[in-house]
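Undergrad: Protein chains in written order, with the working numbering: chain W, 1 to 218; chain C, 1001 to 1231.
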Amino acid sequence: MALDKTGIAQRIAQELRDGWYVNLGIGIPTLVANYIPQGIEVEFQSENGVLGMGPFPFEGEEDADLINAGKQTITTMKGASFFDSATSFAMIRGQHVQLTVLGAMEVSENGDIANWKIPGKMVKGMGGAMDLVASADNIIVAMMHSNRAGASKLLKSCSLPLTGVACVKKVVTELAVLEIKDGAFHLIERAPGVSVEEIQSKTEGNLVVNGTIPEMSL
Amino acid sequence: MNKEIGNVHGALKGLESGMTLMLGGFGLCGIPENSINEIVKLGVTNLTCISNNAGVDNFGLGLLLQNRQIKKMVSSYVGENDEFERQMLSGELEVDLIPQGSLAERCRAGGAGIPAFFTPAGYGTEVAEGKEVRDFNGKPHILESALHADFAIVKAWKGDTEGNLVYKATARNFNPMMAMAGKITIAEVEELVPAGKLDPNEIHTPGIFVQRIFQGEKFEKRIEQRTTRSK
């Protein structure tokens, strides 16, 4: 069965490693913070200027001056810090953040990503996404395998304006975990009960399937 | 040096149509809301506004957009504002979208006397069009130039009469860099105290960057996405 958004977040959380600073984008990536594996310590950075981001506040304790990059009210953990936007992006550009997780509208088989604009229809802006994908060593995209019209979002080449070039290392969708290398999507894991054929049929870009593909364990 | 100005009206003296403004804030967090309301009243037009976001339809910079006072916006993300998207897609509004880190650094550079710098952000995208590309350590970077403003308008938690500023939590965001980059920098603060009352160890923006400071009359501090958990 295909995963829901929570399942995608749970699977990405398995990629977290002890001692990492992690930037989570808006949407599914934000949910990753709810599934930190036992026994490891990670700290979340939000690019508007906070390190050590905690859960949402209890009702009545919201602070208009304390938000994440999605403009949601948040809290901080012990040891948190605040800083200006230039310092925040120095952390990102300077590769002090070990992992970036973000959403996408399209990803290509060479790791290009598009997530900020649909010409003539929708322009929200890139926010911090271009800085994040241009600098981070380890970028995981969390997204659905197909768009609302049913078309594959894992493509030979992106049709939408790019956010970054050859930067995505891994994609986790409701159907699969895929690694991007040597100009192809390499199938690493399947969602429980999802067949390789289904993943193949919903992946427009070059898909490499080597041997038996295990199911995700969540 | 005493930078105190009695009210928002006096603080914005000299702000005219056609000027370039920087306005601090991220979303609705840490925006100079008293100054924005006053600019609405002033009715100046053809403004170029440099600000990470464009407010929402009925608050923050969205008020200036609805009033057609803005000619051009320089921002990184404008997804919260329907009127913005409408004016942009119809061509009424000029828009320069800039990666957030580049926007912050371009403001910082403007205030720090650095005319331009190379960054990897935006390489291979629309953002790189017409910009010089150069490889450093085998990786392509694009040349981004400094930003300046006739007026930089920032918001701080506390300030003193010398213009020293302290921000609260994530309301700091773009305010410190923009404070550096204004020909005239106006700080509106929640609490204005006499010089000597703030601990010099804890100043975020030194007063040298601020020309005018005033205590805002009222702060609504609207929350854009109220997210909570249950007890």
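Cβ atoms here follow ideal geometry from the backbone N, Cα and C, with glycine treated the same way. These figures come from a predicted structure and were not determined experimentally.
1. Could you round the C-beta distance between Lys1231(C) and Phe56(W) to whole angstroms and report it? I think they count as a contact, below 8 Å.
2. Between the alpha carbons of Asn1173(C) and Gly1055(C), how many angstroms are there, rounded?
3. How many whole angstroms separate the CB atoms of Val1074(C) and Asp1096(C), which I take to be in contact at a CB cut-off of 8 Å?
4. Quick one: using the 10 Å Cβ neighbour count with 16 as the cut-off for buried, is Leu1147(C) buried or exposed?
5. Helix, strand or coil, according to DSSP, for Pro1200(C) in the structure here?
6. What is the DSSP secondary structure of Gln1100(C), counted as helix, strand or coil?
7. Output the distance between the C-alpha atoms of Pro119(W) and Leu160(W), rounded to the nearest integer angstrom.
8. Smallest Cα separation from Gln38(W): which of Met53(W), His145(W), Leu16(W)?
9. Excluding sequence positions up to five away, which residues of its chain have a Cβ less than 7 Å from the Cβ of Gly27(W)?
10. Report the option in Pro1120(C), Thr1227(C), Val1193(C), Gly1124(C) whose CA atom is closest to the CA atom of Gln1002(C).
11. Nearest to Gln14(W) by alpha carbon, out of Leu99(W), Glu47(W), Thr75(W), Ala134(W)?
12. Could you give the DSSP three-state label for Gly39(W): helix, strand or coil?
13. Where does Ile1229(C) land, buried or exposed, given buried means 16+ other C-beta within 10 angstroms?
14. Runs of 3 residues minimum, wholly inside the stretch 131-171 of chain W: which ones carry the beta strand (DSSP E) assignment?
15. Taking its Cβ as the centre, do 16 or more other Cβ atoms sit within 10 Å of Thr212(W), making it buried, or is it exposed?
16. Going by DSSP in three states, Glu1191(C) sits in which element: helix, strand or coil?
17. If you drop the 5 nearest sequence neighbours on each side, which residues of the same chain put their C-beta closer than 6 Å to that of Leu1093(C)?
18. Compare the C-beta of Val165(W) with all C-beta atoms of chain C and state if any pair is closer than 8 Å.
19. Three-state secondary structure (DSSP) at Thr30(W)?
20. For Thr1170(C), count the other beta carbons within 10 Å of its own beta carbon; 16 or more makes it buried, fewer makes it exposed. Which is it?
21. Check this for me: beta carbons of Phe44(W) and Leu24(W), under 8 Å apart or not?
22. Report the CB separation of Leu218(W) from Gln10(W) in whole angstroms; it is logged as a contact under 8 Å.
23. For Gln1225(C), which residues in chain W fall below 8 Å Cβ to Cβ?
24. What residues from the stretch 120-132 of chain W come within 9 Å of chain C, judged by C-beta to C-beta, listed N to C?
25. Output the distance between the C-alpha atoms of Ile180(W) and Lys170(W), rounded to the nearest integer angstrom.
26. Using alpha carbons as the reference points, say which of Phe185(W), Val97(W), Glu198(W) lies closest to Val208(W).
27. Is the distance from the Cβ of Leu1061(C) to the Cβ of Ile1036(C) below 8 Å?
28. Is it true that the CB of Gly1101(C) sits closer than 8 Å to the CB of Ala1181(C)?
29. When DSSP labels each residue in this structure, what does Val107(W) get in the three-state scheme?
30. Please confirm if Asp84(W) has its CB atom under 8 Å from at least one CB of chain C.
31. Short of 6 Å in beta carbon distance, which residues of its chain neighbour Gly111(W), apart from the five on each side in sequence? Order them along the chain.
32. Whole angstroms are fine: how far does the CA of Gly193(W) sit from the CA of Phe1151(C)?
33. With distance defined between alpha-carbon atoms, name the residue in Met143(W), Ala90(W), Asn48(W) nearest to Glu106(W).
34. Ends of the beta strand (DSSP E) at Ser1145(C)?
35. Should Thr1045(C) be flagged as near chain W, meaning a C-beta pair shorter than 8 Å?
TA: Short version:
1. Reading the second sequence from its first residue, position 231 is the one you call residue 1231(C). Reading the first sequence from its first residue, position 56 is the one you call residue 56(W). With 8 Å as the limit, Lys1231(C) and Phe56(W) do not qualify as a contact, their Cβ atoms being about 12 Å apart.
2. In the second sequence, the residue the question calls residue 1173(C) occupies position 173. In the second sequence, the residue the question calls residue 1055(C) occupies position 55. Going by the C-alpha atoms only, they are around 15 Å apart.
3. For the purposes of this step, residue 1074(C) is identified with residue 74 of the second sequence, where counting begins at 1. For the purposes of this step, residue 1096(C) is identified with residue 96 of the second sequence, where counting begins at 1. Taking a contact as a CB-CB distance under 8 Å, the pair Val1074(C) and Asp1096(C) counts as one, their CB atoms being some 5 Å apart.
4. On the second sequence, position 147 is the one that residue 1147(C) refers to. Leu1147(C) is buried by the Cβ-count criterion.
5. The count along the second sequence starts at 1 and reaches residue 1200(C) at position 200. Three-state result, Pro1200(C): helix.
6. In the second sequence, counting from the first residue as 1, residue 1100(C) sits at position 100. The three-state secondary structure of Gln1100(C), taken from DSSP, is helix.
7. Counting from one through the first sequence, the residue named residue 119(W) turns up at place 119. Counting from one through the first sequence, the residue named residue 160(W) turns up at place 160. Their backbone Cα atoms lie some 8 Å apart in a straight line.
8. For the purposes of this step, residue 38(W) is taken as the residue at position 38 of the first sequence. The candidate whose alpha carbon is nearest that of Gln38(W) is Leu16(W).
9. One-based indexing of the first sequence puts residue 27(W) at position 27. If we look at Gly27(W) and ignore the five residues flanking it on each side, its Cβ neighbours are Gly103.
10. As a first step, residue 1002(C) must be located in the second sequence, where it is residue number 2. Correcting the residue identity first, residue 1002(C) is Asn in this sequence and not Gln. Asn1002(C) has its Cα closest to that of Val1193(C), out of Pro1120(C), Thr1227(C), Val1193(C), Gly1124(C).
11. For the purposes of this step, residue 14(W) is taken as the residue at position 14 of the first sequence. Gln14(W) has its Cα closest to that of Leu99(W), out of Leu99(W), Glu47(W), Thr75(W), Ala134(W).
12. For the purposes of this step, residue 39(W) is identified with residue 39 of the first sequence, where counting begins at 1. Coil.
13. Mapped onto the second sequence, residue 1229(C) falls at position 229. Checking the sequence, you will find Arg at residue 1229(C) rather than Ile. Exposed, because fewer than 16 other Cβ atoms sit within 10 Å of the Cβ of Arg1229(C).
14. 139-142
15. The residue labelled residue 212(W) in the question sits at position 212 within the first sequence. Exposed, since its Cβ has fewer than 16 Cβ neighbours within 10 Å.
16. The residue given as residue 1191(C) occupies position 191 in the second sequence. In the structure shown, Glu1191(C) sits in a strand (DSSP, three-state: E or B).
17. Indexing the second sequence from 1 puts residue 1093(C) at position 93. The residues are Gln1087.
18. Counting from 1 along the first sequence, the entry for residue 165(W) is found at position 165. Taking Cβ atoms only, chain C reaches closer than 8 Å to Val165(W), which makes this a yes.
19. Locating residue 30(W) in the first sequence gives position 30, counting from the first residue. Helix.
20. The residue labelled residue 1170(C) in the question sits at position 170 within the second sequence. Per the 10 Å Cβ criterion, buried.
21. By one-based count along the first sequence, residue 44(W) stands at place 44. By one-based count along the first sequence, residue 24(W) stands at place 24. Yes, Cβ-Cβ distance for Phe44(W) and Leu24(W) is below 8 Å.
22. One-based indexing of the first sequence puts residue 218(W) at position 218. One-based indexing of the first sequence puts residue 10(W) at position 10. Contact flag correct, Cβ pair sits at about 5 Å.
23. Residue numbering aside, residue 1225(C) sits at position 225 when the second sequence is read from its first letter. In chain order: Ile67, Gly70, Lys71, Gln72, Thr73.
24. Gly120, Lys121, Met122, Val123, Lys124, Gly125, Met126, Gly127, Gly128, Ala129, Met130, Asp131, Leu132
25. Translated into positions along the first sequence, residue 180(W) becomes position 180. Translated into positions along the first sequence, residue 170(W) becomes position 170. Rounded to the nearest angstrom, the two C-alpha atoms are 6 Å apart.
26. Position 208 of the first sequence holds residue 208(W). Selected option, being the one with the closest Cα: Phe185(W).
27. For the purposes of this step, residue 1061(C) is identified with residue 61 of the second sequence, where counting begins at 1. For the purposes of this step, residue 1036(C) is identified with residue 36 of the second sequence, where counting begins at 1. Result yes, Cβ atoms of Leu1061(C) and Ile1036(C) sit closer than 8 Å.
28. Counted from its first residue, the second sequence places residue 1181(C) at position 181. Counted from its first residue, the second sequence places residue 1101(C) at position 101. Contact: no.
29. Taking the first residue of the first sequence as 1, we reach residue 107(W) at position 107. Annotated three-state conformation of Val107(W) is strand, per DSSP.
30. In the first sequence, the residue the question calls residue 84(W) occupies position 84. Yes - at least one Cβ of chain C is within 8 Å of the one on Asp84(W).
31. Here residue 111(W) refers to the residue found at position 111 of the first sequence. These residues qualify, in order along the chain: Ala166, Cys167, Val168, Ile180.
32. Reading the second sequence from its first residue, position 151 is the one you call residue 1151(C). Reading the first sequence from its first residue, position 193 is the one you call residue 193(W). Cα to Cα, Phe1151(C) sits roughly 60 Å from Gly193(W).
33. Along the first sequence, one-based indexing puts residue 106(W) at 106. Residue Met143(W) is the option with its Cα nearest to Glu106(W).
34. Here residue 1145(C) corresponds to residue number 145 of the second sequence, with the count starting at 1. Its beta strand (DSSP E) spans residues 1139-1145.
35. Taking the second sequence and counting its residues from 1, the one referred to as residue 1045(C) is at position 45. Interface criterion not met: the Cβ of Thr1045(C) is under 8 Å from no Cβ in chain W.
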